[in-house]
Amino acid sequence: MECLWCQEAIMPEVNWATLVQLSPKRSLCPGCEEEMERIHGKRCPRCSKVGSDAVCRDCSWWEERMPKETLAQNYSVFSYNARMKEMIAKWKYRGDYHLGHAFKQHVKTAFADWNFSEEAIAVPIPLSEERLQERGFNQAKMLASFLPLETEEVLTRLHGEKQSKKTREERILTENPFVLEKALHKPVVLVDDIYTTGTTLRHAGALLHALGCPAVYAFTLIRG
Amino acid sequence: MQPHPTSSTTDAPSNEAISRLLSGKLLLREEFPLDEKTFQRFLEQKLIAPTASILTKAFSHQCQRCGNKKKSLFALIPCEICLSTHLYCRKCIEMGRVMACQPLYYWTGEKPVWPAHADPCTWEGALTHLQQRAADRIAEAIAGQEKELLCWAVCGAGKTEMLFPGITKALKLGRRICIATPRADVVRELLPRIRRAYQDVEVEGLYGGSENKAGSAQLILATTHQLLRYQDAFDVMVIDEIDAFPYHADPSLPFAAERAKTSASTTIYLTATPRKNHRKRINRRNLPHIFVPVRFHGHPLPVPKLNISFSLKRDLKNAILPQAFQKWTEARETKKRQLLIFVPAVSMAENLQEPLTQFFLKERTISSPDQLTAVHAADPDREEKVQQFRDKQLHILITTTILERGVTFPSVDVAVLDAGHEVFDEAALVQIAGRAGRSPDDPTGEVVFFHEGKTDAMVQAKEAIRKMNHRGGI
C-alpha cells in the first residue's frame with residue numbers, strides 16, 4: 001500500500017487491534033496524515049470558524065441579513081492549511097479523483113462527532129455543466145458519498161465566473177447561481193468541499209427553504 | 225497557450241507555422257492551441273491523428289504519455305464526461321490528466337523544414353585545449369549522426385561552452401535541438417547564455433511555470449519533464465546531468481527522452497559522475513565517450529577530507545555542533561571564503577540554523593544573523609536565497625542536497641554534516657565536492673565530510689576525485 005499523497009510505502013502496523021478486528025486501511029502515511037489539520041476544540045457553533053465557541057462576527061453579520069433557516073449551521077472537518085491547499089489543488093483542479101479517498105475516514109468520523117441524528121438528505125453542491133465537463137467529477141458528490149445519508153442531486157448550477165476570483169462583496173451581490181429541480185420536505189445537509197464566506201451555501205439554502213425544506217445545514221471538508 | 229493567429233484562416237500561408245507548432249508533439253486535446261472548429265477540420269483532413277492514451281495488456285496498464293506502469297499510480301474515476309468508470313494516470317497528472325476515455329493526439333501533416341543557418345554562433349569566447357578536443361568530438365558525433373556519445377567532464381570543466389561547436393554544426397545542418405536538464409534552475413540559468421551565443425536563432429526555455437509554452441523553436445532548453453509532450457521531434461538531444469536524481473530515479477524521464485528523439489538522432493549525455501550502468505557500458509566499449517578530466521582553469525579538483533566525529537548523529541539530533549566541526553571552522557585557512565554546509569534533511573537544516581548562527585557570531589565569521597540562512601527544495605524563498613549567497617549578502621548557507629549540482633559560486637568552502645547518511649551517495653558527494661574551487665581567482669577550497677563512520681560512498685567519492693585528478697595529469 002502506498003501513501004495516496006507522497007507515494008511512499010506504508011508499513012502496516014501489526015498489533016492485537018489490527019489482528020483481531022479489521023481496522024480501516026490507511027490511505028496516507030503517518031507523516032502525511034500529520035500534515036492535515038483536523039478542527040478540534042473551540043469553534044464557532046454556526047460556521048466552524050476556529051478559535052472561540054462564541055458566534056463569530058461573520059455569523060452575526062449574516063444573522064442580521066438572512067433568516068437563520070437559510071443555513072442553520074456549517075460543520076467542517078479540516079482547517080485550510082498549506083498542505084490542505086495543495087491537496088485540494090491536486091484533487092479538484094488537477095482532477096486526481098482518487099486522492100479524495102484520503103479524506104474518507106476523517107469525513108466519516110467527523111460526521112459522527114457532529115452527532116447529526118436527524119433523518120436528513122445529503123445534497124451535494126453541484127458544478128455547472130461546463131465545469132463538470134472540464135473536471136470529469138464533482139468533488140462535493142464524492143464527499144457526500146462518504147456520509148451515511150441518502151444523497152439527492154436536486155440542485156443545478158448555471159455557468160458563471162469562478163467564485164474564487166471574486167471579492168466577498170462581489171460574491172454576496174451576485175445572483176443566485178442555483179436552480180432547485182425538486183422540493184425537499186426533510187432536513188437537508190448541503191455538502192461542499194470548502195466553506196469560505198458561506199455565500200454559496202446560503203444561496204442554495206435559501207432556495208431549498210423557500211420551497212419548503214424545514215432546515216438546512218452544511219457539512220464541508222474545510223473551513224477556509 | 226495563445227490561440228495561433230493563423231489558425232482560423234486558410235491553411236495555405238500558415239502551413240509551415242502550424243507544422244512547426246504541432247509537429248513533434250503528443251498532446252491532450254486541451255493542450256492544442258486550436259479552437260474546436262479548426263481542431264475538427266484538422267482531424268478530418270488527417271493532419272492530426274488520435275492514439276490511445278492508456279494501453280491495457282493482460283494484467284498491466286501503461287500511460288502512453290509518461291510510460292507509467294505502476295499499478296498504484298493508476299486509479300478509477302467515475303467519469304461524468306463519458307459516463308463510465310475508467311482509468312486515469314496519477315503519475316503525470318500535474319501536466320494535465322490523461323484519461324482512458326480521451327485519446328492523445330499527434331501531428332500527421334507535413335513535417336516542418338528547420339532553417340539551415342550559415343553562421344549561427346555569436347559566442348566569441350575561446351575553449352581550452354581539452355575543452356576543444358571534447359567539443360570537436362561532440363560536433364563530429366552530431367555531424368555523423370552517431371547514435372550516442374557520453375561526455376564525462378569533471379565539475380567545473382565548462383560543459384556548456386563545450387556544446388557550442390556541436391550546436392553550431394547542427395544548426396548549420398538545419399536540425400532541431402533540445403538540451404534537456406533535470407532542473408528548472410538550470411534551464412533558467414542556461415537560457416540567457418544560449419540566447420547570447422545564438423542571437424539570431426529562435427531559442428525557447430520550457431519548464432513548469434515558464435512563460436513560454438509554445439515549444440515551437442528550433443533550439444529548445446527544457447526540463448526533462450517537458451519532454452513528456454514530445455514525440456519524434458529532436459534530431460539532437462543533449463541530456464545534461466544524466467546521473468541526476470529525477471532522471472536517474474524516475475523511469476518516465478528516460479521514456480520521454482527516448483520518444484522525443486527522431487529516428488536518426490544523436491544523443492549527447494553530459495555528466496561529471498556517471499552511474500554504474502553507463503560506466504559498465506564504457507568499460508565494455510559499447511558507449512562511445514569523451515573524457516574531460518580537468519577544470520577549465522586547469523587546477524585540480526579539491527580532494528575531500530574525511531573527518532570522524534563520535535556522537536555526531538546524537539549531537540546533530542540535539543542541535544549541538546559536533547566538536548570536530550567546531551575545530552575545523554576555527555582552524556579554517558581562509559575565513560573570507562563563503563561556507564556551504566550540506567545536511568541530509570530539511571529538519572536538520574532548520575534545527576541547526578540557530579546554533580550555527582550563534583557559533584559563527586561568536587567566532588566573528590559573520591557580523592550579523594542575516595548573513596546565515598538555511599534553504600531546501602520546498603522553500604518558497606529558495607531562488608532569492610541562492611541569489612543572495614551568490615551576491616555575497618549571505619556568507620554561510622545551510623542546504624540540503626538541492627545545491628549539490630548545477631550551481632556555481634566562485635569561492636566557497638564546503639562542509640557535509642553526517643556525510644554517511646544514505647542521501648549522500650557517491651555521485652552526490654563528488655558533486656558536492658565539485659562546488660569548491662570553481663574560480664580561476666580562487667581555484668582551491670576546502671571540502672570536509674563529517675561522519676561517524678566511513679561509508680563506501682565517501683571512500684569511493686574521494687577515490688573517484690583522486691583518479692580524475694590523476695587522469696588529468698595533476
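First to last, the sequence lines map onto chains A and B. Residue 53 in the numbering used here sits at position 53 of the first sequence, and the numbers go up by one each step. Residue 444 in the numbering used here sits at position 220 of the second sequence, and the numbers go up by one each step. A virtual CB, placed ideally from N, CA and C, is assigned to each residue, including glycine.
Measure from the C-beta of residue i to each C-beta in chain B and report whether the shortest distance is under 8 Å.
i                  : result
Asp-192 of chain A : no
Gly-100 of chain A : no
Gln-133 of chain A : yes
Glu-2 of chain A   : yes
Phe-116 of chain A : no
Gly-31 of chain A  : no
Ile-10 of chain A  : no
Taking C-beta to C-beta, are residue i and residue j nearer than 8 Å?
i                  : j                  : result
Ala-210 of chain A : Leu-71 of chain A  : no
Ala-206 of chain A : Leu-190 of chain A : no
Glu-642 of chain B : Val-567 of chain B : First, the residue type needs correcting, since residue 642 of chain B is Asp and not Glu in the sequence shown. In contact: Asp-642 of chain B and Val-567 of chain B (Cβ atoms closer than 8 Å).
Val-107 of chain A : Leu-143 of chain A : yes
Leu-443 of chain B : Tyr-422 of chain B : yes
Ala-140 of chain A : Asp-96 of chain A  : no
Pro-124 of chain A : Glu-153 of chain A : yes
Arg-157 of chain A : Ser-128 of chain A : yes
Gly-390 of chain B : Ile-492 of chain B : yes
Tyr-471 of chain B : Pro-406 of chain B : yes
Val-640 of chain B : Ile-656 of chain B : yes
Ala-651 of chain B : Arg-499 of chain B : yes
Val-683 of chain B : Arg-659 of chain B : no
Phe-78 of chain A  : Leu-201 of chain A : no
Ala-496 of chain B : Val-378 of chain B : yes
Glu-119 of chain A : His-159 of chain A : no
Can you find a C-beta in chain A that's less than 8 Å from the C-beta of residue i?
i                  : result
Lys-572 of chain B : According to the sequence displayed, residue 572 of chain B carries Met and not Lys. Judged by the 8 Å Cβ criterion, Met-572 of chain B is not in contact with chain A.
Val-391 of chain B : Reading off the sequence, residue 391 of chain B comes out as Ile, not Val. Ile-391 of chain B does not count as touching chain A.
Ala-681 of chain B : no
Glu-255 of chain B : no
Arg-606 of chain B : no
Arg-289 of chain B : no
Ser-232 of chain B : Confidence is the limiting factor: at Ser-232 of chain B the pLDDT is only 43, short of 50, which leaves the residue's position unreliable, though a coordinate-based value still follows. No, its Cβ sits nowhere closer than 8 Å to a Cβ of chain A.
Gly-696 of chain B : no
Ser-277 of chain B : no
Ser-308 of chain B : no
Ser-591 of chain B : no
Ser-487 of chain B : no
Ser-296 of chain B : yes
Met-225 of chain B : Caution is warranted here: a pLDDT of 43 is assigned to Met-225 of chain B, below 50, making its placement in the model unreliable, and the coordinate value is therefore given only provisionally. No, Met-225 of chain B lies away from the interface with chain A (no Cβ there is under 8 Å from its Cβ).
Residues of chain B with a CB under 9 Å from the CB of residue i: which are they?
i                  : result
Arg-225 of chain A : Coverage of chain A is limited to positions 1 through 224, which leaves residue 225 of chain A absent and any answer about it impossible.
Please compile the residues from chain B whose C-beta is within a distance smaller than 8 Å of the C-beta of residue i.
i                  : result
Phe-137 of chain A : Ile-301, Pro-302, Cys-303 and Glu-304
Which chain A residues sit within Cβ distance under 7 Å of residue i?
i                  : result
Arg-314 of chain B : Asp-96 and His-98
In chain A, what lies closer than 9 Å to residue i by C-beta?
i                  : result
Asp-476 of chain B : According to the sequence provided, residue 476 of chain B is Ser. The question's Asp does not apply to it. Simply none; closest approach about 13 Å.
Ser-243 of chain B : The contacting residues do not exist; Ser-243 of chain B stays about 29 Å from chain A at best.
Notebook entry, point to check: Using 8 Å as the threshold, is the stretch 326-340 of chain B in touch with the stretch 348-356 of chain B, meaning 3 or more CB pairs across them?
Noted result: no
Notebook entry, point to check: Curious, which full-length beta strand (DSSP E) runs of at least 3 residues does the stretch 470-555 of chain B contain?
Noted result: 485-495, 513-516 and 529-532
Checklist line | 4 or more residues per run - each alpha helix (DSSP H) lying fully within the stretch 637-690 of chain B | finding: 650-657
Check: If you pair each beta-carbon of the stretch 530-537 of chain B with each one of the stretch 587-607 of chain B, do three or more pairs fall below 8 Å?
Finding: no
Next item on the list: Kindly provide the ranges of any alpha helix (DSSP H) runs that are 4 or more residues long and lie completely inside the stretch 353-395 of chain B, ordered along the chain.
Entry: 353-367
Note to self: My parser needs the beta strand (DSSP E) runs of 3 or more residues fully inside the stretch 122-205 of chain A; what are they?
What the structure shows: 155-157, 178-180 and 188-195
Next item on the list: Could you say if the stretch 661-673 of chain B and the stretch 556-573 of chain B meet the contact criterion of at least three C-beta pairs nearer than 8 Å?
Entry: yes
Next item on the list: Please go through the stretch 27-91 of chain A and give each complete beta strand (DSSP E) segment of 3 or more residues, from N-terminal end onward.
Entry: 73-79
Next item on the list: Evaluate the contact criterion for the stretch 398-412 of chain B versus the stretch 441-458 of chain B: three or more CB pairs, one atom per stretch, below 8 Å.
Entry: yes
Margin query: Does the contact criterion of 3 or more C-beta pairs under 8 Å hold for the stretch 359-368 of chain B versus the stretch 515-528 of chain B?
Written below: no
Margin query: Taking 8 Å as the cut-off, does the stretch 133-148 of chain A touch the stretch 174-188 of chain A (at least 3 CB pairs, one atom from each stretch)?
Written below: no
Notebook entry, point to check: Contact between the stretch 344-351 of chain B and the stretch 366-380 of chain B: three or more CB pairs below 8 Å?
Noted result: no
Check: At what residue ranges does the stretch 297-351 of chain B contain a whole run of the beta strand (DSSP E), taking only runs of 3 or more?
Finding: 298-303, 308-313 and 328-331
Item checked: Validate contact between the stretch 539-558 of chain B and the stretch 681-692 of chain B using beta carbons, cut 8 Å, 3 pairs -> no
Check: Are the stretch 406-420 of chain B and the stretch 460-470 of chain B touching, with three or more C-beta to C-beta distances below 8 Å?
Finding: yes
Check: Does the stretch 74-94 of chain A come close enough to the stretch 307-321 of chain B that 3 or more CB-CB pairs lie under 8 Å?
Finding: yes
Next item on the list: Tell me, please, whether the stretch 475-492 of chain B touches the stretch 280-296 of chain B by the rule of three or more beta-carbon pairs shorter than 8 Å.
Entry: yes
Check: Can you give, in chain order, each stretch of the alpha helix (DSSP H) that sits fully within the stretch 585-618 of chain B and has at least 4 residues?
Finding: 606-614
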